[in-house]
Amino acid sequence: MSKSIREAAKQEVNSYIYDKPKAGFKVYALTYGAEIVMTLEVETWETMTKAKALFIIAEHYEEIMQKQIKPNIHKVNYFRVA
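Heads up, the sequence shown is in my numbering, so the first residue is 5 and it goes up one at a time.
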């Protein structure tokens, strides 16, 4: 994901977030391809990796969207928004 696309996605996500995260938490935006899948609030001590993001996205698609995706770690991206 290029820097300009990441910045545009970050601005889009920030436009929907009105509150700061709770104390001791940080917010990540998870993307699959060019689609912003979800925002996720994690504790400050937790680290985000592409593998963890792929697992969360795959679960999200299975449970919420009722479809499976081909797991491709190269399509997964995450970035911190707050």
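Note that beta-carbon positions come from the ideal geometry of N, C-alpha and C, so glycine has one too.
From a predicted model like this one, the values you see are computed outputs, not experimental measurements.
Using only CA atoms, which one of Thr43, Phe59, Phe29 lies nearest to glutamine 15?
Thr43
Tyrosine 36 and valine 85 - do their beta-carbons sit closer together than 7 Å?
no
Close beta carbons around glutamate 45, own chain, < 6 Å, minus the five adjacent residues each side:
Pro25, Phe29, Val31
Evaluate tyrosine 20 with the Cβ neighbour count: other Cβ atoms within 10 Å of its Cβ, from every protein chain shown; 16 or more gives buried, anything less gives exposed.
exposed
Shortest alpha-carbon distance to asparagine 76 belongs to which of Phe83, Ile68, Ile60, Glu67?
Ile60
Quick one: what's got a C-beta closer than 7 Å to threonine 48's C-beta in the same chain, skipping five residues either side?
Gly28, Phe29, Lys30
Our contact map puts alanine 38 next to phenylalanine 83 with C-beta atoms below 8 Å; I'd like the distance itself, whole angstroms only.
Not confirmed; about 14 Å, so no contact.
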